[in-house]
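Going by the working numbering, the first residue of the sequence shown is number -6, and it counts up by one from there.
Don't be surprised by glycine CBs; every beta carbon is placed ideally from N, CA and C.
Here's the structure, in structure tokens; my notes come after.
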Amino acid sequence: MGLRTFLGLKKKRARAEAMPFPTIEGFSQLHQDSWIVSETNGKRDGFFVEIGAFDGTSLSNTLLLERDYGWSGILVEPNPAFTIPILSTRKAKLCTQPVDSQSGNSVTMLFVTEKPEISAINRVAYNDMNSEQRKKDHVQIEMQTISLLDLLIKFNAPEVIDYISIDTEGNEFDILENFDFQRFDIRFFSLEHNFTEAEAKLDNLMRKNGYERVFKDITKFDAWYRKIS
-6 MGLRTFLGLK
4 KKRARAEAMP
14 FPTIEGFSQL
24 HQDSWIVSET
34 NGKRDGFFVE
44 IGAFDGTSLS
54 NTLLLERDYG
64 WSGILVEPNP
74 AFTIPILSTR
84 KAKLCTQPVD
94 SQSGNSVTML
104 FVTEKPEISA
114 INRVAYNDMN
124 SEQRKKDHVQ
134 IEMQTISLLD
144 LLIKFNAPEV
154 IDYISIDTEG
164 NEFDILENFD
174 FQRFDIRFFS
184 LEHNFTEAEA
194 KLDNLMRKNG
204 YERVFKDITK
214 FDAWYRKIS
């Protein structure tokens, strides 16, 4: 084990001790998976949707739920470099279309070579802290979008969805702005905002649709929401 890896593990353990809910050894960057396990009391056979799945394992918010708790779900990852890795390591259904506000639109995806986790739709790619990296290091591919509602219908999502994670580097609000929250009973969301103006917009949108934000002081560039029942 190299020093860098060792220090990373120490940092994660120290952070785990400070969390206001029980943490377990998972895969999420900010313990999103531990949070969901805690909120659902270790529920088995739940259902998730992870939009922005990367390679399916690294920094995954849903791998722990699938592997250790028997959850099923939908993964969305438009980067063609990760199609085979996801299919070879995950049981969840895979959608390779980018999710956006509407279905059937043509968008330019910027896939970043050295840091593929910051890949984004072109129109929002230069609005946050990763803009410079995207400018100098990317491959462009034209793709057809799918809306969140159409995604859930296409992949036969159940009426009750326990958890949706959206990490798309800039269009998280666009994905949810026109979504019909009445069509599905979604219990928890984690939404990346990267400290942009989208954070306040997401807070307002989620509040209007019956959600409360939780653990704001520890979730950094993410916003976590619990449905008020």
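Notebook entry, point to check: Do you know offhand how far Phe40's Cα is from Ala191's?
Noted result: On the sequence shown, residue 40 is found 47 positions in, with the first residue counted as 1. On the sequence shown, residue 191 is found 198 positions in, with the first residue counted as 1. So the alpha carbons of these two residues sit roughly 26 Å apart.
Notebook entry, point to check: Can you tell me whether DSSP reads Arg37 as helix, strand or coil?
Noted result: Your numbering for residue 37 matches position 44 in the sequence shown. Three-state DSSP puts Arg37 in coil, outside helix and strand.
Note to self: Which of the three DSSP states is assigned to Phe182 in this structure?
What the structure shows: In the sequence shown, counting from the first residue as 1, residue 182 sits at position 189. Phe182: strand per DSSP, three-state reduction.
Note to self: Please state the DSSP three-state secondary structure of Leu0.
What the structure shows: Taking the first residue of the sequence shown as 1, we reach residue 0 at position 7. Confidence at Leu0 is low in this model, with a pLDDT of 33, below 50, so its placement is unreliable and the value that follows should be read with caution. Leu0: helix per DSSP, three-state reduction.
Check: Between the segment 145 to 160 and the segment 180 to 196, do at least 3 Cβ pairs fall closer than 8 Å?
Finding: Cβ pair count under 8 Å is three or more, so yes.
Notebook entry, point to check: Would Gln25 be called buried (16 or more neighbouring beta carbons within 10 Å of its own) or exposed?
Noted result: On the sequence shown, residue 25 is found 32 positions in, with the first residue counted as 1. Gln25 comes out buried.
Check: In terms of residues, what are the limits of the alpha helix (DSSP H) holding Thr82?
Finding: Position 89 of the sequence shown, counted from the first residue, corresponds to residue 82. From DSSP, the alpha helix (DSSP H) with Thr82 extends over 76 to 82.
Checklist line | Nearest-angstrom Cα separation, counted from Met136 out to Pro91 | finding: Translated into the one-based positions of the sequence shown, residue 91 becomes position 98. Translated into the one-based positions of the sequence shown, residue 136 becomes position 143. About 7 Å.
Checklist line | Whole-angstrom distance between Glu43 and Thr212, CA atom to CA atom | finding: Taking the first residue of the sequence shown as 1, we reach residue 212 at position 219. Taking the first residue of the sequence shown as 1, we reach residue 43 at position 50. About 17 Å.
Item checked: Start-to-end residues for the alpha helix (DSSP H) that takes in Leu58 -> On the sequence shown, residue 58 is found 65 positions in, with the first residue counted as 1. From DSSP, the alpha helix (DSSP H) with Leu58 extends over 56 to 62.
Item checked: Ser27 - containing alpha helix (DSSP H), residue span -> Counting from 1 along the sequence shown, the entry for residue 27 is found at position 34. Run containing Ser27: 25 to 32, per the alpha helix (DSSP H) assignment.
Notebook entry, point to check: What is the DSSP secondary structure of Glu43, counted as helix, strand or coil?
Noted result: Sequence index remark: in the sequence shown, residue 43 carries index 50 (1-based). Three-state DSSP puts Glu43 in a strand.
Checklist line | Reduced DSSP category for Asp215 - H, G, I as helix; E, B as strand; rest coil | finding: Numbered from its first residue, the sequence shown carries residue 215 at position 222. Residue state, collapsed to three classes: strand.
Next item on the list: Would you identify the three-state DSSP class for Ile221, choosing helix, strand or coil?
Entry: In the sequence shown, residue 221 corresponds to position 228, counting from 1. Taken through DSSP and simplified to helix, strand or coil, Ile221 comes out as coil.
Next item on the list: Could you have a look at Glu205 and say whether DSSP puts it in helix, strand or coil?
Entry: For the purposes of this step, residue 205 is taken as residue 212 along the sequence shown, with counting starting at 1. If DSSP states are grouped into helix, strand and coil, Glu205 belongs with the strands.
Check: Alpha carbon to alpha carbon, what distance is there between Phe104 and Ile134?
Finding: For the purposes of this step, residue 134 is taken as residue 141 along the sequence shown, with counting starting at 1. For the purposes of this step, residue 104 is taken as residue 111 along the sequence shown, with counting starting at 1. The straight-line gap from Cα to Cα measures roughly 8 Å.
Notebook entry, point to check: Can you tell which of Lys201, Thr50, Tyr62 has its C-alpha closest to the C-alpha of Leu232?
Noted result: Nothing about residue 232 can be reported from this structure: the residues present for the chain run from -6 to 222 only.
Next item on the list: Measure the alpha-carbon distance for Arg60 versus Leu169 and round it to whole angstroms.
Entry: Taking the sequence shown and counting its residues from 1, the one referred to as residue 60 is at position 67. Taking the sequence shown and counting its residues from 1, the one referred to as residue 169 is at position 176. C-alpha separation (whole angstroms): 28 Å.
Next item on the list: For Ile159, count neighbouring Cβ atoms within 10 angstroms of its own Cβ and tell me buried if that reaches 16, exposed if not.
Entry: Residue 159 sits at position 166 when you count from the first residue of the sequence shown. That one is buried.
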